[in-house]
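Residue numbers (this note's numbering), protein chains in the order written: chain A, 23 to 292; chain B, 23 to 292; chain C, 3 to 303; chain D, 3 to 303.
Don't be surprised by glycine CBs; every beta carbon is placed ideally from N, CA and C.
Notes follow once the structure below has been shown.
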Amino acid sequence: MGRKEKSEAKVLSQKMLAEGIFDLWLETDLAMDAHPGQFVGVYPTNKSTLLPRPISICEVDREKSAIRLVYRVVGTGTAEFTLYQPGDYMMILGILGNGFPLDKAAGKRVVVMGGGIGVPPLLQTAKELSGKAANLSSNVTAASVAAVMGYRNQKTFLAEDFRKYSELVIATEDGSVGTKGNVIDAMGQQNVECDVIMACGPMPMLKAIKAYAEEKGITAYISLEERMACGVGACLGCICKTKEVDEHSHVHNARICTDGPVFDAEDIDF
Amino acid sequence: MGRKEKSEAKVLSQKMLAEGIFDLWLETDLAMDAHPGQFVGVYPTNKSTLLPRPISICEVDREKSAIRLVYRVVGTGTAEFTLYQPGDYMMILGILGNGFPLDKAAGKRVVVMGGGIGVPPLLQTAKELSGKAANLSSNVTAASVAAVMGYRNQKTFLAEDFRKYSELVIATEDGSVGTKGNVIDAMGQQNVECDVIMACGPMPMLKAIKAYAEEKGITAYISLEERMACGVGACLGCICKTKEVDEHSHVHNARICTDGPVFDAEDIDF
Amino acid sequence: MNTQVEIAGVKFKNPVMTGSGTFGSGMEYADFVDLNKLGAVVTKGVANVPWPGNPVPRVTEVYGGMLNAIGLQNPGIDVFIERDLEFLKKYDTKVIVNVCGKSVEDYLEVVERLGDESRVDMLEINVSCPNVKEGAIAFGQNKDALFDITSRIKKVAKQPVIMKLSPNVTSIAEMAKAAEAAGADAISLINTITGMKIDIHKRKFALANKTGGMSGPAIKPVAVRMVYEASHAVKIPIIGMGGIANGDDAIEFIMAGATAVAVGAMNFHDPYTTEKVVEGIENYMTRYNVEDINELRGIVE
Amino acid sequence: MNTQVEIAGVKFKNPVMTGSGTFGSGMEYADFVDLNKLGAVVTKGVANVPWPGNPVPRVTEVYGGMLNAIGLQNPGIDVFIERDLEFLKKYDTKVIVNVCGKSVEDYLEVVERLGDESRVDMLEINVSCPNVKEGAIAFGQNKDALFDITSRIKKVAKQPVIMKLSPNVTSIAEMAKAAEAAGADAISLINTITGMKIDIHKRKFALANKTGGMSGPAIKPVAVRMVYEASHAVKIPIIGMGGIANGDDAIEFIMAGATAVAVGAMNFHDPYTTEKVVEGIENYMTRYNVEDINELRGIVE
Ligand SMILES: Cc1cc2nc3c(=O)[nH]c(=O)nc-3n(C[C@H](O)[C@H](O)[C@H](O)COP(=O)(O)OP(=O)(O)OC[C@H]3O[C@@H](n4cnc5c(N)ncnc54)[C@H](O)[C@@H]3O)c2cc1C
Ligand SMILES: Cc1cc2nc3c(=O)[nH]c(=O)nc-3n(C[C@H](O)[C@H](O)[C@H](O)COP(=O)(O)OP(=O)(O)OC[C@H]3O[C@@H](n4cnc5c(N)ncnc54)[C@H](O)[C@@H]3O)c2cc1C
Ligand SMILES: Cc1cc2nc3c(=O)[nH]c(=O)nc-3n(C[C@H](O)[C@H](O)[C@H](O)COP(=O)(O)O)c2cc1C
Ligand SMILES: Cc1cc2nc3c(=O)[nH]c(=O)nc-3n(C[C@H](O)[C@H](O)[C@H](O)COP(=O)(O)O)c2cc1C
Ligand code: FES
Ligand code: FES
């Protein structure tokens with residue numbers, strides 16, 4: 023779970039990947055502890071805002087001690103983030119959350135699935151599991167890694183990056199690229215088989231994946247999203263409903279920021 | 023009284039004049055309407071702050087359509103102002119207030135008196151009354167202009183500027199330059215005589231000037247300071263006590279931001 | 003697109019008004035804003051006689067807002083009628099006159115004086131100013147007193163009456179109900195929330211009056227909540243205010259149940275705010291295909 | 003320099019505490035802050051049995067602050083004693099346990115259970131949570147109910163009792179007096195101010211609970227005012243909170259009359275805030291040559 027700190031991170035680069043989607047590399051010591059599926063809290067400097075914005079780690083470059091964040095502009099904070107230039111500093115809180123359980127994928131056929139702005143965290147996941155890169159955080163590799171990514175339209179950001187580490191299947195809502203439909207449609211149409219799914223995306227997609235995994239008798243790890251205040255497990259703002267009484271809360275609530283964001287789909291009570 | 027607007031002004035230059043005292047030139051159309059003794063409201067962008075900071079116009083360059091502000095760093099807003107670089111934009115509200123009544127000084131012996139951060143607005147006043155510059159806002163000139171400026175110590179900011187337009191007498195609290203004491207002490211010690219005083223500075227200095235003017239039977243125009251919200255006469259936040267019932271308020275209150283900041287000392291009830 | 007709203011038979015071209023005391027009588031802001039574009043100008047509180055108000059400092063900034071303790075300085079009803087009402091005759095906007103007093107009689111006197119003034123479309127009764135010792139807020143913090151003053155004013159008022167409520171109460175719903183029961187034609191809320199700031203370096207209160215009324219974006223969530231609660235407690239229309247800075251904020255109040263809204267402290271931040279709020283509301287309506295602003299009122303249940 | 007303060011016989015090494023519910027039981031923030039440096043850790047509200055709290059979304063940001071409607075989720079007193087109190091045994095700081103309940107009996111049960119726990123230095127009774135329907139705030143908005151619950155708790159409590167007051171009242175002075183009259187050893191204030199936020203694009207409340215409690219710098223002026231009013235109404239010590247972000251804010255509360263202060267929402271903005279507040283207080287004392295923090299209490303009259 024790494025150490026946690028709030029510290030300055032230096033902007034190495036920032037560019038627009040697609041309309042409203044930005045790609046930001048930050049230099050930070052925290053990179054050394056970053057695992058796929060974990061996230062950081064990024065603080066806007068705008069004084070009307072106080073809370074850190076949770077953004078997933080998209081990629082890690084341990085050599086440069088850098089993390090990559092890919093984010094969509096939706097409000098005040100993310101709009102501010104687009105203004106940062108190389109050399110500027112941003113305050114981040116990290117490393118947060120548990121990340122994907124790579125060890126559960128050792129030697130198995132894995133599909134990483136992302137939908138919309140849930141695509142980014144799967145990149146480092148695919149990279150790690152593929153073993154096709156230097157300086158990884160674990161030496162666990164999967165038997166095979168396929169990426170199934172869902173987009174709205176032909177703006178298939180990060181697609182090229184995924185191709186470096188895995189086979190890539192694309193689904194688009196408007197059918198402009200790949201399968202018309204969602205990631206589950208694409209799985210079926212492209213006959214993608216697997217033992218383990220690791221996924222992040224909008225709630226309907228995650229529900230569909232949970233159902234799909236149950237039906238196929240495979241394991242799915244899903245990354246959830248909720249409004250957060252502290253990001254470190256103290257405020258109890260970000261809970262999700264669990265099947266069993268949760269060990270920390272002693273009610274059926276797990277904290278997404280610390281017990282998650284990644285959960286075994288089986289444990290979640292949607 | 024000029025038109026009023028809130029608009030962007032471009033930073034032309036900024037430098038430190040003395041420890042904590044900054045000298046800022048702004049390009050703005052409002053320059054054309056700026057008279058000595060008037061002020062602008064400068065807005066910090068820090069979202070925890072909302073109100074404009076009243077800063078006097080120190081000098082006007084009509085050719086460049088620019089105004090000069092000289093300010094002391096005392097809090098959040100002024101601290102932020104120091105960060106602006108040439109080419110940056112600042113939001114200002116102006117032109118505010120009445121300014122010094124130059125016509126009352128026509129052909130008379132005038133002393134402009136400033137104390138501390140009250141020094142700046144007297145510069146344009148001296149410049150106008152001296153007639154020793156091109157492109158002035160009025161063609162009123164005084165018979166003579168002397169400047170009597172009070173400082174804490176040897177950091178006699180703007181002294182060189184005053185020397186361009188007037189004789190300059192300096193008083194310092196610590197006696198490091200000129201007369202040890204205040205501006206009234208300096209008047210006496212240097213035998214400065216005059217018919218009209220135009221002054222800005224801390225309250226005790228203004229009170230002393232009022233008393234001095236009464237004693238000598240001369241006229242003193244003093245520029246007052248008060249906490250402001252609107253800056254345009256609407257909120258009634260910035261009043262001062264007047265001897266007579268004020269024409270606007272129908273009580274003994276005048277609004278410093280619009281009826282002032284410059285008043286005939288005689289009319290004020292300290 | 004229809005932005006017109008109606009309160010007690012008075013039709014406003016749009017729901018955007020000015021917060022009493024933050025806009026003078028419109029004169030000072032006429033340099034910046036076309037008053038004809040506003041739903042109404044709500045004037046600074048006026049009493050039967052001139053009031054000097056409180057000593058300075060009267061205003062101070064706080065995080066995301068400000069405190070004021072003007073203390074209802076005003077030139078009295080005579081000057082107000084001659085000068086301020088006269089000034090407003092030039093404009094095609096509704097005029098709501100905010101009335102203050104120290105005793106019920108004071109209020110009644112002003113209300114009666116205004117009865118024959120055709121330029122006055124509505125009266126807003128300020129029983130919620132936290133900055134004067136006598137009268138004012140005492141009426142706004144006790145439901146029986148509020149009922150009493152409201153019914154007495156209603157008896158003499160020729161124009162429809164808006165009671166302006168204080169947020170400094172345990173239950174805004176109760177106060178709203180008292181005003182409605184006493185015959186108020188509408189309520190407006192919120193007035194400022196009592197706050198305090200201490201200058202720790204000078205070891206003095208930032209305001210001479212010690213406490214002041216807080217306004218600005220910082221108070222918006224409290225205001226929205228109270229508008230929502232009040233709108234579920236009464237049937238009379240509500241004018242919502244507290245921290246409105248743009249069209250989106252106005253829409254939020256309307257969705258919470260307000261028929262109209264007012265812009266207060268943000269005029270000081272940006273003198274063009276009222277006009278921008280009008281435009282912002284129109285932009286929202288265009289974007290979401292809202293034909294009539296009245297469709298949005300209280301839509302979030 | 004002395005920063006030690008005393009409340010009901012309990013000595014705190016400095017006046018800086020954590021706001022209940024914003025710091026867990028300290029565990030999560032131990033990664034950031036040395037808990038030994040704090041005056042006290044005030045734990046999240048605990049009830050007799052586990053509470054699931056409210057549905058999500060439970061938190062949302064507002065201008066200069068946030069709204070929360072956690073709804074007092076807690077693992078119940080058993081787990082709390084075994085896990086959280088156990089964890090705190092490692093640290094040299096005072097422990098104040100915040101207690102919640104739906105009925106007086108609930109509260110009494112927790113208070114009794116804690117009676118034998120030597121790790122517990124004081125109890126803070128939360129009668130002011132705006133986010134649960136039953137109990138809680140009902141006690142905090144009615145002075146008779148407050149008097150009743152306070153005296154009943156005092157009868158069984160073995161540790162000194164702090165009553166945590168709600169700002170959602172007409173008169174904080176009255177509430178403070180009721181708590182004092184019923185035997186409270188101290189009061190703490192303010193709990194959150196009830197607020198609301200509407201997402202105008204989704205046309206939904208930002209919080210599932212509709213309303214939430216507002217905290218953060220935006221509420222500071224209201225909190226300082228209430229601490230001031232309470233400190234002039236009662237003789238028992240006051241723990242002040244509401245938007246404290248740094249040492250200067252803490253000094254402001256102390257000058258208004260607080261004996262100690264707590265840092266709440268700002269922990270989320272900066273997890274080091276509590277320690278920074280301790281340092282900031284010391285810096286102020288050094289700068290102004292203040293020998294004893296107790297000299298500053300209520301110094302602004
Ligand atoms: C674990 C996790 C990982 C995430 N990873 C990414 C990512 O890699 N890329 C990306 O673009 N987005 C990601 N998000 C969503 C991202 O956090 C929000 O889009 C962002 O916080 C919006 O901030 P804002 O200031 O622009 O929006 P505003 O609407 O102005 O924010 C107001 C408040 O709401 C919160 N908020 C708004 N939307 C969301 C949301 N969808 N989820 C959680 N909080 C929200 C903000 O944090 C802030 O506190 C992630 C969310 C979570 C919980
Ligand atoms: C008519 C007039 C002309 C002025 N001209 C100058 C000038 O030329 N140069 C200069 O350095 N200063 C001048 N001042 C003082 C200047 O306005 C304040 O120093 C400045 O507002 C402080 O802002 P801040 O954000 O740094 O301080 P903060 O203390 O953070 O400000 C908080 C609030 O208090 C107000 N405030 C603080 N100090 C003062 C003050 N002394 N007078 C009025 N409001 C204050 C701020 O405007 C703001 O609203 C003038 C003031 C007035 C009224
Ligand atoms: C400087 C100032 C003066 C005010 N004077 C009055 C007044 O005379 N009568 C009144 O009913 N409300 C008065 N108010 C309250 C406002 O009309 C409004 O209710 C409050 O400020 C909340 O709105 P805001 O946050 O948009 O400012 C005043 C507010 C301010 C800031
Ligand atoms: C997320 C959150 C949870 C809270 N939970 C509790 C609680 O369990 N018991 C309680 O007495 N107060 C609770 N509070 C109130 C705080 O302790 C504090 O009184 C309030 O937030 C004001 O201080 P602040 O502005 O510094 O946050 C909570 C506040 C927040 C933000
Ligand atoms: S955000 Fe605070 S517990 Fe998760
Ligand atoms: S600052 Fe508003 S009247 Fe002068």
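- Taking 8 Å as the cut-off between beta carbons, the residues of the stretch 40–73 of chain D near chain A are Lys-46, Pro-52, Trp-53, Pro-54, Gly-55, Val-58, Pro-59, Arg-60, Val-61, Thr-62, Glu-63, Tyr-65, Gly-66, Gly-67, Met-68, Asn-70, Ile-72, in sequence order.
- Taking 9 Å as the cut-off, the Cβ atoms of Ile-290/B and Leu-246/B count as close.
- Runs of the beta strand (DSSP E) lying entirely within the stretch 32–64 of chain C and spanning at least 3 residues, in chain order: 42–44, 61–64.
- As the crow flies, the alpha-carbon of Asn-269/D is around 17 Å from that of Leu-191/D.
- At a cut-off of 8 Å, the beta-carbon of Gly-214/C does not count as near ligand 6: no heavy atom of the ligand is closer than that.
- Secondary structure within the stretch 117–172 of chain D: the beta strand (DSSP E) runs of 3 or more consecutive residues, fully enclosed, are 124–128, 163–166 (chain order).
- The shortest CA-to-CA distance from Ala-101/A to any of Tyr-65/A, Ala-127/A, Gly-203/A is the one to Tyr-65/A.
- Listed in chain order, the non-local C-beta contacts of Lys-32/B below 6 Å within the same chain comprise Glu-49, Tyr-111, local neighbours out to five positions each way being set aside.
- Contacts with chain C at 9 Å (Cβ-Cβ) include Gly-255/B.
- Residues of the stretch 67–83 of chain B with a C-beta atom less than 8 Å from some C-beta of chain C are Lys-69, Ser-70, Thr-71, Leu-72, Leu-73, Pro-74, listed in chain order.
- Against chain C, a Cβ distance below 9 Å from Val-226/D picks out Gly-197, Met-198, Lys-199, Ile-200.
- A distance below 9 Å separates the beta carbons of Asn-170/C and Ile-195/C.
- The three-state reading of DSSP puts Ser-188/B in coil, since its state is none of H, G, I, E or B.
- DSSP, read as helix, strand or coil, puts Thr-194/B in strand.
- Around the beta carbon of Thr-241/B, 16 or more other beta carbons lie within 10 angstroms, which makes this residue buried.
- For Lys-263/A, the enclosing beta strand (DSSP E) covers residues 261–263.
- For Met-19/C and Ala-235/D, the gap between their C-alpha atoms comes out near 39 Å.
- Straight through space, the alpha carbons of Val-43/C and Gly-28/C are spaced by roughly 7 Å.
- The Cβ-Cβ distance between Cys-260/A and Val-58/D falls below 9 Å.
- The beta-carbon of Tyr-230/D is placed less than 9 Å from the nearest beta-carbon of chain C.
- Below 8 Å, enough C-beta pairs join the stretch 209–227 of chain C and the stretch 220–231 of chain D to call them touching: three or more.
- Neighbourhood of Arg-25/B in chain C, by CB distance below 8 Å: Asp-33, in chain order.
- At a cut-off of 9 Å between C-beta atoms, Glu-88/C does not count as an interface residue with respect to chain B.
- In this structure, Met-250/B and Pro-76/B form a Cβ contact; the two beta carbons are roughly 5 Å apart against a cut-off of 8 Å.
- Residue side-chain check: Leu-40/D keeps its Cβ at 8 Å or more from all non-hydrogen atoms of ligand 6.
- Taken atom to atom, the span from the alpha-carbon of Leu-116/C to that of Ser-271/B is near 20 Å.
- From the beta-carbon of Met-216/D, the residues of chain C found nearer than 7 Å are Pro-223, Val-224.
- The stretch 197–278 of chain A contains, as complete beta strand (DSSP E) runs of 3+ residues, the segments 218–222, 241–245, 261–263, 275–277 (chain order).
- Nothing from the stretch 267–284 of chain D brings a Cβ to less than 8 Å from some Cβ of chain C.
- Burial check for Ala-156/B: the Cβ neighbour count within 10 Å stays below 16, so the residue is exposed.
- Taking all protein chains shown into account, Asp-94/C has fewer than 16 neighbouring C-beta atoms within 10 Å of its C-beta and is therefore exposed.
- What Val-81/D touches in chain A, judged by beta-carbon distance under 7 Å, is His-272, going in chain order.
- Under a 10 Å Cβ-count criterion, Gln-161/D is classified as buried, with 16 or more other Cβ atoms of the shown protein chains found around its own Cβ.
- Here the distance from the Cβ of Ser-217/C to the nearest heavy atom of ligand 2 is not below 8 Å.
- For the pair of segments examined, the stretch 86–97 of chain A was found not to touch the stretch 38–55 of chain D: the number of CB pairs separated by less than 8 Å stays below three.
- Judged by the Cβ position, Thr-71/A qualifies as a neighbour of ligand 1 at the 8 Å threshold, a heavy atom of the ligand being closer than this.
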